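Read through the structure below, which is laid out as C-alpha cells, and then see the notes.
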Amino acid sequence: MKQTPKPPLFSRGYKVFALILILAILTAIGLPKMRQWLASDTNLAQNKQQS
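For what it's worth, our numbering labels the leading residue of the sequence shown as -16, then goes sequentially.
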C-alpha cells in the first residue's frame, strides 16, 4: 500500500490560512486594549495640560 503524499500547495495554503486566522484573532483581542490604552494615555496628557 502506497501512501499518496499531500500536495505541498494545500499544506502551504493551510499554514497561511492558519497564520491569518491567528493574526485576526490576536488583532480582534488586542485592538480594544490598544484603543483603551491610547485613550487613557491621551486623557492623561490632556489632564496634565489643563492643570
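No residue lacks a Cβ here, since even glycine has one placed at the ideal position from N, Cα and C. What you are looking at is a predicted structure, and each value in this text was computed from that prediction instead of being measured.
(request) Give the straight-line distance between the Cα atoms of Ile8 and Leu21, rounded to the nearest whole angstrom. (result) So the two alpha carbons sit approximately 20 Å from each other.
(request) Quick one: grab the DSSP three-state call for Lys31. (result) Per DSSP, reduced to three states, the secondary structure at Lys31 is helical.
(message) So, with DSSP's three-state summary, where would you put Thr(-13)?
(response) Looking at Thr(-13) - three-state DSSP - the assignment turns out to be coil, as it is neither helix nor strand.
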